[in-house]
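Have a look at the structure below, then the notes.
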């Protein structure tokens, strides 16, 4: 009996902590699939967290907070898109600058908000009936919230779009071979803009989730490097939304377990694992044909201009 | 192009060498206006350690018309020397308080660099003619909280979320465990470490992990009310830490430890102002202040020793004490509080016999642990369950 | 049918040096202006803030020396990054390489048992090698397997952070440290001397200046430097000319990682005199150095100036923290804005944006 509860709690915590990871990873998958590397996720997430908290605190509505967080994340990513796509700036530097900007700005603006408890946070939901299902019931239908369910839906929708619709084909084509995509009539830049903004919006929501649902509070730097784990996860997911979900939950589980298993396993080892795994994944898919099928989009980080070279 | 740059470098180096004279230091004259600087390791918004120090600073500034204060927060370890210099040279501070163990060597260096200024280091053990040490320690309060926890637990598993496995935290955990075991020898104290002073996320996950392991009463060393809130969400009682945390769980915060650093600050600053303490006679000044000096207080908030919601429950649990006879835990806590607040400190949590968790006798009957032993404590008291890095 | 595009972006030939400097300065001013707006939003007079920065970072003895002290790791990392960037190797991993350098130095200082006179040189050599090794791994992965360098160097940063944490919590925790998470203090023979009462550990500073000059000579006057430049500007031509892209990539990362490692030695032996938490050893020096190298237009000599500039910003940031009570993150705000405007200005210089309604 004991181990059952053990597993249930682990899964339940995994869902809670894994949701922001999942949301941001889904967004970054789309951005990178279209060829844009967004290293500004950490900045977008923390700005989202700040925007959500301050909005929720002043208006009393955490949902409004999430919406504002989405807008803020989207606005930041718009800047990144403009710099990387239209101005063809170096994507690495552009993303990094936005992360620094996000961290700095949220720290300065968030000054007076630290330590204030949020009166109304995203409510936890327990679905009567469904939560009684043995095993899965307590995990999925007890104590989670709407954003978690939204993330499930998002995985399905985004996977479907990417692999089963023409939009998805366009996105993937733009990331693999923009010149060919262009010649087929796809507006490369527009696709990239949209994907990058989707990435930013989801990063913003992920950050907002942290400050109004997961742990309702604001603290400067509260994302604690989660944005960088997302970058690692995107690779670990082979740029596939379904695997991304598995990856996000795997790492959330590891994080939770680093506390549960503390008497027996070094917490630093567990915390370093996402990053080491990402590198191992890259090595594993680096053989020629595998790279084509499961590797990074070929045009990742390369700006596209028609008629150049 | 190249020569231009080399020239710049040379000029700069020359400037620095030319400017390397010791700053003109003016020693503080008793009775003059006094300016005190405070260096915090975390943000004052943490509602924990740094917040408590800052509250004390404010109290001092309100209390003394001749005192002006300035502070710097979130100073990384290794940078304290720089900020001490800034406070002394740029802000004109006569006294600088550095409030984290990690600032110890930097403060000592600064004390040697500015022999006419007064430095004060919290929770450390190195002193100088112009540098004293001070600490308001909670171990007695943790012991009292432990008595309460031992009475309230139903699963016989009490939890403690700790920051770093350092003697200070170990000492507090030990005192807590001693209290728990005094009421219920069958209850163990489950510990988890988060390796940060301030991390709401880690605190949350650690608490959830402990809840999952069956613990039902919580104490912690972390600079935020996270553990309180997470425990309250699962309808479990907890003890606040450092600052009054009652508001974060009015039905779940049973009691806690509240710091009153102002007891020390007011005393010290007044003595500096009066000329009793100068930059030359601090080498043996070490504030190790406890309940009897009023530096620490037990309570969910000032004035609320025990949350009324839990009073009846505590009065219903009866224990058998060798000296006091049959007594309810509620009365026991009050009695012990009285005994420890007394100037002669009739009892101490760390008086023998005390066994470690490997069942070695660490403190023989009739003896108490000295301050040195307490501040270097690495071993785990009997009843502690879980990882214990550096166990001896 | 193609839609008309609103504006086209086309490349300009390489702009002259003076234009570059002028535009860079303008970019910095623009960044400071925007930062000022945020200060006003926070309720602080921007003018007062900047007055304090200038006075604090440049107008006082303490401020000046702190500016130089901050510039030391930026100088070393920055010079290394200019080399890496020249070969188009995006080394985002200077932070981790710096930490590894610190680890190696700590290991030598505390456990090697070397005679005192050999300690410091051994620490520098070990630090260089450790940083170089840390940079070599992503280099090999890129050169041999084509794996993206941005990602690998970034990931290595975090592995380095957890490595340091594991060491100071566990096997290297100092017995004299009463259980706190630091190593023991280094023996004094393993610490760097500083100039009088300042915190400027001058051996590292001199090393940085010397290496900046050497790096410049390497890039401009040697065959290896030539190969590096060709690999960066035209990898296909490089291969055609028989230049080993593999060897060049490894070389630049040995240099870049090694220099960052030296910076780590400096921080650990000159400032802290022990190994401590990774976020206390480096306050983002590795990331700030990217901006330093970028602003220097990948010229190692110019890094001397740009590292000082960022030394001013960091030092100034400390001043406004004390005087205005602004939070630690304010430095990130400056850095982010400056980097951002730099990219923007760069594009202005290299590209001409023309508005047109021409169909294509």
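Chains as they are written, first to last, in our numbering: chain G, 1 to 309; chain L, 1001 to 1392; chain C, 2001 to 2360.
Note that the Cβ used here is the ideal one computed from N, Cα and C, for glycine as well.
The model shown is predicted, which means the values in this text are computed figures rather than measured ones.
- Scanning C:2237, C:2227, C:2264 for the CA closest to the CA of residue 2127 of chain C turns up C:2264.
- For residue 1099 of chain L, the secondary structure class from DSSP, reduced to helix, strand or coil, is coil.
- Interface criterion not met: the Cβ of residue 166 of chain G is under 9 Å from no Cβ in chain L.
- Taking 9 Å as the cut-off, the beta carbon of residue 2072 of chain C is found closer than this to the beta carbon of residue 2307 of chain C.
- For chain L, none of the residues of the region 228-242 of chain G brings a beta carbon within less than 9 Å of one of its beta carbons.
- Take residue 31 of chain G, set aside five residues on each side of it, and the residues of its chain with a beta-carbon closer than 6 Å to its own are 38, 195, 196, 199, in chain order.
- Taking C-beta separations shorter than 6 Å and ignoring five residues to either side along the sequence, the partners of residue 1271 of chain L in its chain run 1277, following chain order.
- Residue 2333 of chain C is positioned such that its CB atom lies closer than 9 Å to that of residue 107 of chain G.
- Put simply, the backbone Cα of residue 219 of chain G is about 11 Å away from that of residue 103 of chain G.
- Taking a beta-carbon distance threshold of 9 Å, residue 1074 of chain L counts as an interface residue toward chain C.
- Residue-level contact check: residue 32 of chain G does not touch chain L, since none of the beta carbons of chain L fall below 9 Å from its beta carbon.
- A distance below 8 Å between beta-carbons, with the five flanking residues on each side excluded, links residue 1048 of chain L to the following residues of its chain, in chain order: 1042, 1197, 1198, 1222, 1223, 1224, 1241, 1242, 1243.
- Beta-bridge partners assigned by DSSP to residue 1272 of chain L: none are found.
- Only residues of its own chain outside the window of five on either side were considered, and among them 1133, 1375 have a CB closer than 7 Å to the CB of residue 1125 of chain L, listed in chain order.
- What residue 256 of chain G touches in chain L, judged by beta-carbon distance under 8 Å, is 1205, 1208, 1209, going in chain order.
- With respect to the C-alpha of residue 2079 of chain C, the residue from C:2296, C:2322, C:2349 having the closest C-alpha is C:2296.
- According to the DSSP assignment, residue 1062 of chain L belongs to the alpha helix (DSSP H) that extends over 1049-1063.
- Cβ neighbours of residue 161 of chain G within its own chain (closer than 6 Å, five residues either side excluded): 167, 168.
- Beta-bridge partners assigned by DSSP to residue 2177 of chain C: none are found.
- When C-beta atoms of the region 2102-2113 of chain C are compared with those of the region 2271-2278 of chain C, three or more pairs fall below 8 Å, so the two segments count as touching.
- In this structure, L:1184 is the residue among L:1184, L:1115, L:1109 with its C-alpha nearest to the C-alpha of residue 1321 of chain L.
- The C-alpha of residue 2213 of chain C is placed about 11 Å away from the C-alpha of residue 2220 of chain C.
- Listed along chain C are 2062, each with a C-beta nearer than 8 Å to that of residue 1085 of chain L.
- Taking 4 residues as the minimum length, the alpha helix (DSSP H) runs contained wholly in the region 2163-2223 of chain C are 2202-2221, in order along the chain.
- Interface criterion not met: the Cβ of residue 2232 of chain C is under 9 Å from no Cβ in chain G.
- The count of Cβ pairs closer than 8 Å, one atom from the region 2114-2132 of chain C and one from the region 2249-2259 of chain C, reaches three, so the stretches are in contact.
- Separation of the CB atoms of residue 91 of chain G and residue 36 of chain G is rounded to 6 Å, and the pair is thereby assigned contact status at 8 Å.
- Straight across, the Cα-Cα distance linking residue 1296 of chain L with residue 153 of chain G is about 52 Å.
- Chain-ordered, the chain L residues with CB closer than 8 Å to the CB of residue 224 of chain G read 1199, 1201.
- Among the residues of chain L, none has a CB under 8 Å from the CB of residue 91 of chain G; the nearest is roughly 29 Å distant.
- With at least 16 other beta carbons inside 10 angstroms of its own, residue 2329 of chain C counts as buried.
- Judged by pairs of C-beta atoms under 8 Å, the region 1166-1185 of chain L does not touch the region 1226-1238 of chain L, as fewer than three such pairs exist.
- Under the DSSP assignment, residue 1027 of chain L falls outside any beta strand (DSSP E); it carries neither an H nor an E label.
- For residue 2327 of chain C, the chain G residues whose C-beta falls within less than 7 Å of its own C-beta are 107, 108, 111, 220, listed in chain order.
- Neighbourhood of residue 2336 of chain C in chain G, by CB distance below 9 Å: 43, 96, 97, 98, 99, 100, 101, 102, 103, 104, 105, in chain order.
- Sixteen is the threshold: when 16 or more other Cβ atoms of the shown chains lie within 10 Å of the Cβ of residue 43 of chain G, as they do, the residue is buried.
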